[in-house]
Amino acid sequence: MSRIGKLPVPVPAGVDVQINGADVTVKGPKGTLTHTVVAPITVEQGEGVLEVKRPDDERLSKAYHGLSRTLINNMVVGVTEGYEKKLEIVGVGYRVLSKGPTQLEFQLGYSHPIIFDAPEGITFTVDGPTKLGVVGIDKQLVGEVAANIRKLRKPEPYKGKGVRYSGEHVRRKVGKAGK
Numbered sequence: 067m068s069r070i071g072k073l074p075v076p077v078p079a080g081v082d083v084q085i086n087g088a089d090v091t092v093k094g095p096k097g098t099l100t101h102t103v104v105a106p107i108t109v110e111q112g113e114g115v116l117e118v119k120r121p122d123d124e125r126l127s128k129a130y131h132g133l134s135r136t137l138i139n140n141m142v143v144g145v146t147e148g149y150e151k152k153l154e155i156v157g158v159g160y161r162v163l164s165k166g167p168t169q170l171e172f173q174l175g176y177s178h179p180i181i182f183d184a185p186e187g188i189t190f191t192v193d194g195p196t197k198l199g200v201v202g203i204d205k206q207l208v209g210e211v212a213a214n215i216r217k218l219r220k221p222e223p224y225k226g227k228g229v230r231y232s233g234e235h236v237r238r239k240v241g242k243a244g245k
């Protein structure tokens with residue numbers, strides 16, 4: 067049995083969970099998230115917990131069991147605490163400016179500034195000219211937006227310049243050897 071899938075998902079006070087067939091809707095103080103559970107998996111609501119069940123021990127059912135439980139748990143955590151991904155910019159002249167909570171302007175060594183708009187449900191926090199955060203309740207969307215920002219100028223291996231996740235280690239290469 068899946069060790070992740072058999073764990074119950076704790077539902078804290080102030081979070082409302084509604085199960086309508088395969089659709090699971092989680093409503094909390096930060097917002098509302100919905101997920102459609104894949105076919106063989108079922109979700110049952112207990113007292114203060116959600117149980118994710120599977121009908122058989124087939125390979126696909128086992129795979130979807132742990133996945134579904136984790137996605138539902140991420141929704142519960144998202145509507146109560148939210149998610150944040152921190153990024154930092156390294157490089158001379160590279161910086162970020164906040165143009166409101168949903169828009170950023172980057173100077174990343176190109177001939178023009180790059181304007182980056184947040185999708186719905188995402189806000190940005192800027193802590194100085196080289197540090198920023200992506201904040202939201204949907205873990206997948208927060209990670210995707212952070213990856214798209216990093217894609218604007220990936221960290222290069224020779225000087226380490228570019229946009230990187232906070233705490234990310236960039237493997238450095240040795241430059242060309244002199245005579």
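Heads up: the sequence shown begins at 67 in my numbering, then just goes up one per residue. Ideal Cβ placement from N, Cα and C applies to all residues, glycine included.
Residue j and residue i - do their beta-carbons sit closer together than 8 Å?
i: Arg219; j: Gly228; result: yes
i: Val115; j: Ile138; result: no
i: Arg238; j: Leu153; result: no
i: Gly175; j: Gly159; result: yes
i: Val208; j: Lys151; result: yes
i: Pro221; j: Val240; result: no
i: Gly97; j: Ile203; result: yes
i: Gly71; j: Pro95; result: no
i: Gly226; j: Val156; result: yes
Could you check the C-alpha separation between residue i and residue j for me, to the nearest Å?
i: Ser127; j: Pro121; result: 8 Å
i: Pro185; j: Ala243; result: 45 Å
i: Asp82; j: Gln111; result: 11 Å
i: Pro74; j: Thr136; result: 10 Å
i: Ala212; j: Ser177; result: 23 Å
i: Met141; j: Val92; result: 7 Å
i: Lys205; j: Val145; result: 10 Å
i: Gly199; j: Phe190; result: 6 Å
i: Tyr30; j: Ile107; result: The structure shown does not extend to residue 30, since the chain is modelled only from 67 through 245, so no value can be given for it.
i: Ala105; j: Phe172; result: 43 Å
i: Thr100; j: Val201; result: 18 Å
i: Thr102; j: Tyr224; result: 45 Å
i: Ile188; j: Leu163; result: 17 Å
i: Gly149; j: Val143; result: The sequence shown places Tyr at residue 149, rather than the Gly named in the question. Going by the C-alpha atoms only, they are around 8 Å apart.
i: Asp89; j: Thr168; result: 29 Å
i: Gln84; j: Asp123; result: 27 Å
At which residues does the beta strand (DSSP E) containing residue i begin and terminate?
i: Leu231; result: Per the sequence shown, residue 231 should be read as Tyr rather than Leu. Taken as a continuous stretch (DSSP letters only), the beta strand (DSSP E) holding Tyr231 covers Gly228 to Tyr231.
i: His101; result: Gly97 to Thr102
i: Asp123; result: Asp123 -> no beta strand (DSSP E), and no H or E assigned at all.
i: Val90; result: Asp89 to Gly94
i: Val83; result: Asp82 to Asn86
i: Glu222; result: From DSSP, Glu222 is part of no beta strand (DSSP E); its letter is neither H nor E.
i: Glu113; result: Looking at the DSSP string, Glu113 is not in any beta strand (DSSP E), and its letter there is neither H nor E.
How about residue i: is its C-beta nearer than 8 Å to some C-beta of chain B?
i: Val236; result: The structure shown has no chain B; it contains just one protein chain.
According to DSSP, simplified to helix, strand and coil, what is residue i?
i: Gly71; result: coil
i: Gly132; result: helix
i: Ile138; result: helix
Margin query: Runs of 3 residues minimum, wholly inside the stretch 140-217: which ones carry the beta strand (DSSP E) assignment?
Written below: 149-156, 161-164, 169-173, 180-183, 188-192 and 197-202
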